[in-house]
Amino acid sequence: MSRRQLILIALLLLAACALPFFVSNYRTFQFTLALVYSIALLGLNLLTGYNGQISLGHGAFYAIGAYCAAILMDQYGVPYWATLPVAAVVCLVAGFLFGLPALRLEGLYLALATFALGVSLPALLKYHHLEKWTGGVQGIVINKPEAPFGLPLNADQWLYFFTLAVAVLMFVLAWNMLRGRVGRAMVAIRDHHIAAEAMGVNTAMVKSLTFGVSAMYTGIAGALGAIAIQYVAPDSFNFFLSIMFLVGIVVGGLASISGAIYGALFIQFVPNIADEISKAAPWAIFGVFMIGFVYLMPMGVAGAVRVAMARLSRMTQNRQRSI
Amino acid sequence: MEAFLHQVLAGLATGGIYASLALALVMIYQATHLVNFAQGELAMFATYFAWSLINAGMPYWPAFLLTVVFAFLLGVLIERIIIRPVENAPVLAVVVVFIALLVILNSVTGWIFSYTIKTFPSPFPAEPIFGQYMSAHEAGAIGVTLVVLLLLYAFFRFTPLGLAMRAAAQNPDSARLVGIRVGWMLALGWGLAAAIGSVAGMMVAPIVFLDPNMMGGVLLYAFAAALVGGIDNPAGAVFGGFLVGVLENVLGAFVIGNELKLAVALVLIIGVLVVRPSGFFGKVFVARV
Numbered sequence: 000m001s002r003r004q005l006i007l008i009a010l011l012l013l014a015a016c017a018l019p020f021f022v023s024n025y026r027t028f029q030f031t032l033a034l035v036y037s038i039a040l041l042g043l044n045l046l047t048g049y050n051g052q053i054s055l056g057h058g059a060f061y062a063i064g065a066y067c068a069a070i071l072m073d074q075y076g077v078p079y080w081a082t083l084p085v086a087a088v089v090c091l092v093a094g095f096l097f098g099l100p101a102l103r104l105e106g107l108y109l110a111l112a113t114f115a116l117g118v119s120l121p122a123l124l125k126y127h128h129l130e131k132w133t134g135g136v137q138g139i140v141i142n143k144p145e146a147p148f149g150l151p152l153n154a155d156q157w158l159y160f161f162t163l164a165v166a167v168l169m170f171v172l173a174w175n176m177l178r179g180r181v182g183r184a185m186v187a188i189r190d191h192h193i194a195a196e197a198m199g200v201n202t203a204m205v206k207s208l209t210f211g212v213s214a215m216y217t218g219i220a221g222a223l224g225a226i227a228i229q230y231v232a233p234d235s236f237n238f239f240l241s242i243m244f245l246v247g248i249v250v251g252g253l254a255s256i257s258g259a260i261y262g263a264l265f266i267q268f269v270p271n272i273a274d275e276i277s278k279a280a281p282w283a284i285f286g287v288f289m290i291g292f293v294y295l296m297p298m299g300v301a302g303a304v305r306v307a308m309a310r311l312s313r314m315t316q317n318r319q320r321s322i
Numbered sequence: 000m001e002a003f004l005h006q007v008l009a010g011l012a013t014g015g016i017y018a019s020l021a022l023a024l025v026m027i028y029q030a031t032h033l034v035n036f037a038q039g040e041l042a043m044f045a046t047y048f049a050w051s052l053i054n055a056g057m058p059y060w061p062a063f064l065l066t067v068v069f070a071f072l073l074g075v076l077i078e079r080i081i082i083r084p085v086e087n088a089p090v091l092a093v094v095v096v097f098i099a100l101l102v103i104l105n106s107v108t109g110w111i112f113s114y115t116i117k118t119f120p121s122p123f124p125a126e127p128i129f130g131q132y133m134s135a136h137e138a139g140a141i142g143v144t145l146v147v148l149l150l151l152y153a154f155f156r157f158t159p160l161g162l163a164m165r166a167a168a169q170n171p172d173s174a175r176l177v178g179i180r181v182g183w184m185l186a187l188g189w190g191l192a193a194a195i196g197s198v199a200g201m202m203v204a205p206i207v208f209l210d211p212n213m214m215g216g217v218l219l220y221a222f223a224a225a226l227v228g229g230i231d232n233p234a235g236a237v238f239g240g241f242l243v244g245v246l247e248n249v250l251g252a253f254v255i256g257n258e259l260k261l262a263v264a265l266v267l268i269i270g271v272l273v274v275r276p277s278g279f280f281g282k283v284f285v286a287r288v
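Chains A and B, in that order, give the protein sequences. For the first sequence, the residue numbers in numbering that gives the first Met the number 0 are 0 to 322. For the second sequence, the residue numbers in numbering that gives the first Met the number 0 are 0 to 288.
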């Protein structure tokens, strides 16, 4: 990472830390959700963008994470921060297990299997034998955590900082993983899995592990989302949630870490604006954007930013040379 | 026993509807090796078209025919305008475009017709036939499915256009060399698939009621049906449709309860894909490395 990038990231972090003191509590809450989505999108991007496995059912892992947090807080009185590791482990295992049969599926078929997972999950959550824990159709209401140690923050601001800290940690971990051996193996499998195998990459292991890690990211996001919204119910995790994540990575940029942030801002704030036109408008806009990005900007916003930056630095270099 | 028989017959009726939609999926798969995730929403959109025609005072069967034609044209248009540019794109791009289509059709329908649930008329009389076992609509739905099937079979088997379409699907390069316009054959295939889907939509609408999300479950069962039968085999898809319909109804009524019905489809889809990806009757696909 170059020094300029480091400075840029530090400035961005500074801005992110200052943000909740300048906007209303409701906006802070919205930015918290955007951070939550960015973690989920990063997870999906690890799987779909870097490893080439398509998932149309990541809403399911988000839901599992959310229910983990809600059930632990509601039934067992676990503090909110302690639910995250549990959600992470549960989703890691769930994702790994789903990734095992997914090994035999490629491209379209994997899309089909995960599509089935995403569509059928709300019905599973309503299952009446699980009602004791899940609360059935009614769902579970949980309490918003207050700021600890007597910090002079209100609940919304505290949760924002808590989410920000988790998000930064998750992004650093992902960045670290992707630049190492595992990350190169993931990309190699995406680009040519036979060649990757010939080079000694354990394709099956890497693919199922990627599935697990991806589900873990999304599950942590789900748990954070449940704590932020203070409520979980089966119908908030319908198939459209999975599609929203897909929209996020397509718009933000496939196989790009920063893309997760652009995508999260997009899926969080565009519906807010579009809602004023009509209830159906956000999804119509999502659909049009998806097609538009596939045709015109396959690398998403992150790709466009990269191109713009490269052009900018070339221009400044040229100018320096001419002087 | 009586209850069991009733469930089996009801399962056959819904199975017929799944079979039609599965058939539509198989048609597009055969021609392009793509799975159309928007097939259900296309059918739903066409059914809304039928609803507005009937609401405007048109009798049922003319509205039915007009809807089939409308769906056909819609399918052709979508193939020409939206699918064509991504024909040779990576799978992910194609899936994203299909999902986008699904979302757009769904939201546009909600926009135009609102999200309130509507009733959709059935062309068949209300009183049950065959004793108490089966409603006339269920029997009618099976009948309509079979007629569609026969027509399709005849079309592909006995008409020059059907032959050209089969050729284009089987070997596009050779078909192009003998003068078949392969691109248009694909568009026709899309049109036919959309038309078949619209029939399924109009048959299922009286049962599940009309609402923009009505096809979500149906599409899932249709996927399961197509996969069970072998995704490149039309007859297999029809068999799979009936099988899935009966399984869903019988298991839902006696074994696992109605809430887990959709899980049947999930288990079937993953089970078939993992154990036997070619389904019961599909060709085993061997790739050369």
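Glycine residues also receive a C-beta, built at the ideal position from the N, C-alpha and C atoms. The structure presented is a predicted model; accordingly, all values stated were derived computationally and were not measured.
Exercise. Just curious, the alpha helix (DSSP H) that GLU40(B) is in, first and last residue?
Worked result: Counting from 1 along the second sequence, the entry for residue 40(B) is found at position 41. Unbroken alpha helix (DSSP H) run through GLU40(B): 38-54.
Exercise. Quick check: the stretch 239-253 of chain A against the stretch 288-305 of chain A, are there 3 or more CB pairs under 8 Å?
Worked result: Contact holds: three or more Cβ-Cβ distances are below 8 Å.
Exercise. What residues are listed by DSSP as bridge partners for ILE139(A)?
Worked result: Reading the first sequence from its first residue, position 140 is the one you call residue 139(A). Answer is VAL231(A).
Exercise. If we cut at 7 Å on Cβ distances, does TRP110(B) have a partner in chain A?
Worked result: Counted from its first residue, the second sequence places residue 110(B) at position 111. It does: the Cβ of TRP110(B) has a partner Cβ on chain A nearer than 7 Å.
Problem set entry | Cross-chain neighbours of PRO84(A) in chain B, by beta carbon under 9 Å | The sequence position of residue 84(A) within the first sequence is 85, counting from 1. Under the 9 Å cutoff, chain B gives no residues; its nearest Cβ is about 28 Å from PRO84(A).
For this session: Give the DSSP bridge partners of LYS117(B), in chain order.
Result: Mapped onto the second sequence, residue 117(B) falls at position 118. Answer is LEU209(B), bridged to LYS117(B).
For this session: Quick one: list the residues of chain B neighbouring LYS131(A), beta-carbon separation under 7 Å, in chain order.
Result: Position 132 of the first sequence, counted from the first residue, corresponds to residue 131(A). Within 7 Å Cβ-Cβ: nothing; LYS131(A) doesn't reach chain B, min ~15 Å.
For this session: Assuming THR31(B) contacts GLY200(B) (C-beta within less than 8 Å), just tell me the rounded distance between them.
Result: Taking the second sequence and counting its residues from 1, one reaches residue 31(B) at position 32. Taking the second sequence and counting its residues from 1, one reaches residue 200(B) at position 201. THR31(B) to GLY200(B), Cβ: 22 Å. No contact.
Problem set entry | Under the three-state DSSP convention, the category MET298(A) falls into | Numbered from 1 along the first sequence, position 299 holds the residue referred to as residue 298(A). MET298(A) falls in the coil class under three-state DSSP.
Exercise. Among ALA252(B), VAL283(B), LYS260(B), GLY281(B), which one has its Cα closest to the Cα of ALA2(B)?
Worked result: Against the second sequence, residue 2(B) aligns to sequence position 3. Answer by Cα proximity: ALA252(B).
Exercise. Helix, strand or coil for MET198(A) per DSSP?
Worked result: Against the first sequence, residue 198(A) aligns to sequence position 199. In the structure shown, MET198(A) sits in coil (DSSP, three-state: anything other than H, G, I, E or B).
For this session: Report, in whole angstroms, the separation of the C-beta atoms of GLY15(B) and GLY215(B), which I expect to be a contact under 8 Å.
Result: The sequence position of residue 15(B) within the second sequence is 16, counting from 1. The sequence position of residue 215(B) within the second sequence is 216, counting from 1. The pair is not a contact, with the Cβ atoms about 19 Å apart (cut-off 8 Å).
For this session: Mind the definition here: the stretch 72-88 of chain B touches the stretch 278-287 of chain A only if three or more C-beta pairs lie below 8 Å; say whether that holds.
Result: no
Exercise. Count the other CB atoms within 10 Å of the CB of TRP189(B); is the residue buried (16 or more) or exposed (fewer)?
Worked result: Here residue 189(B) is taken as the residue at index 190 of the second sequence, counted from 1. For TRP189(B), the number of other beta carbons within 10 angstroms of its own is at least 16, and it is reported as buried.
Exercise. According to a CB-to-CB cut-off of less than 8 Å, which residues of the stretch 50-84 of chain B neighbour chain A?
Worked result: ILE81, PRO84
Exercise. How is MET164(B) classed by DSSP in three states: helix, strand or coil?
Worked result: Numbered from its first residue, the second sequence carries residue 164(B) at position 165. Helix, per DSSP.
Exercise. Can you tell which of GLN316(A), ALA263(A), PRO233(A) has its C-alpha closest to the C-alpha of TYR66(A)?
Worked result: Translated into the one-based positions of the first sequence, residue 66(A) becomes position 67. With distances taken between Cα atoms, TYR66(A) lies closest to PRO233(A).
For this session: Might you give, ordered along the chain, the residues of its own chain that have their beta carbon closer than 6 Å to the beta carbon of VAL136(A), omitting 5 neighbours on each side?
Result: Locating residue 136(A) in the first sequence gives position 137, counting from the first residue. These residues qualify, in order along the chain: LYS125.
Exercise. What do you reckon, are the CB atoms on ALA21(B) and ALA221(B) nearer than 7 Å?
Worked result: Counting from 1 along the second sequence, the entry for residue 21(B) is found at position 22. Counting from 1 along the second sequence, the entry for residue 221(B) is found at position 222. It is a contact, given that the beta carbons lie within the stated cut-off.
Problem set entry | Beta carbon of ALA37(B) nearer than 7 Å to that of GLY196(B) | The residue you call residue 37(B) lines up with position 38 of the second sequence. The residue you call residue 196(B) lines up with position 197 of the second sequence. No. Outside cutoff.
For this session: Report the neighbours of MET289(A) on chain B: residues whose CB is nearer than 8 Å to its CB, in chain order.
Result: Within the first sequence, the letter at position 290 stands for residue 289(A). Simply VAL95, VAL96, ILE98, ALA99, VAL102.
For this session: Compare the C-alpha of CYS204(A) against each of ALA17(A), VAL89(A), ASN50(A), THR31(A) and name the closest.
Result: Taking the first sequence and counting its residues from 1, one reaches residue 204(A) at position 205. The residue asked about is misnamed: residue 204(A) is Met in this sequence, not Cys. It is ASN50(A).
Problem set entry | Spatial neighbours of ALA49(B) in its chain, beta-carbon cut-off 6 Å, leaving aside the 5 residues before and after | By one-based count along the second sequence, residue 49(B) stands at place 50. So the list reads ALA62, THR66, MET201, once near-sequence residues are dropped.
For this session: Starting from GLU247(B), find everything on chain A with Cβ-Cβ shorter than 8 Å and list it in chain order.
Result: Looking up residue 247(B) in the second sequence gives position 248. One finds nothing in chain A with a Cβ atom closer than 8 Å to the Cβ of GLU247(B); even the nearest lies about 12 Å away.
Exercise. Is LEU104(A) closer than 7 Å to ALA93(A) when the C-beta atoms are compared?
Worked result: On the first sequence, residue 93(A) is found 94 positions in, with the first residue counted as 1. On the first sequence, residue 104(A) is found 105 positions in, with the first residue counted as 1. The answer is no: Cβ separation not under 7 Å.
For this session: Could you list which residues in chain B have their beta carbon closer than 8 Å to that of VAL249(A), in chain order?
Result: As a position in the first sequence, residue 249(A) is number 250, starting the count at 1. Listed by position along chain B, the residues whose Cβ is nearer than 8 Å to that of VAL249(A) are VAL95.
Exercise. Counting along the chain, where does the alpha helix (DSSP H) carrying MET72(A) start and finish?
Worked result: Walking along the first sequence from the start, residue 72(A) turns up at place 73. MET72(A) -> alpha helix (DSSP H) spans 57-75.
Exercise. At a CB-CB cut-off below 9 Å, which residues of chain A make contact with GLY251(B)?
Worked result: Your numbering for residue 251(B) matches position 252 in the second sequence. None at all; the shortest Cβ gap to chain A is about 11 Å.
Problem set entry | Residue nearest to LEU73(B) in terms of C-alpha spacing, selected from VAL177(B), TRP110(B), LEU187(B), ALA166(B) | By one-based count along the second sequence, residue 73(B) stands at place 74. Looking at the Cα atoms, LEU187(B) is the closest of the given residues.
Problem set entry | C-beta neighbour in chain B for LYS143(A), strict 7 Å | Numbered from 1 along the first sequence, position 144 holds the residue referred to as residue 143(A). Not one beta carbon of chain B lies nearer than 7 Å to the beta carbon of LYS143(A).
Problem set entry | Of the residues LEU267(B), ALA223(B), MET184(B), the one placed nearest ALA166(B), counting alpha carbons only | Indexing the second sequence from 1 puts residue 166(B) at position 167. It is MET184(B).
Exercise. Cβ of LEU163(A) within 7 Å of Cβ of LEU7(A)?
Worked result: What you label residue 163(A) is simply residue 164 of the first sequence in a count that begins at 1. What you label residue 7(A) is simply residue 8 of the first sequence in a count that begins at 1. Going by C-beta atoms, LEU163(A) is not nearer than 7 Å to LEU7(A).
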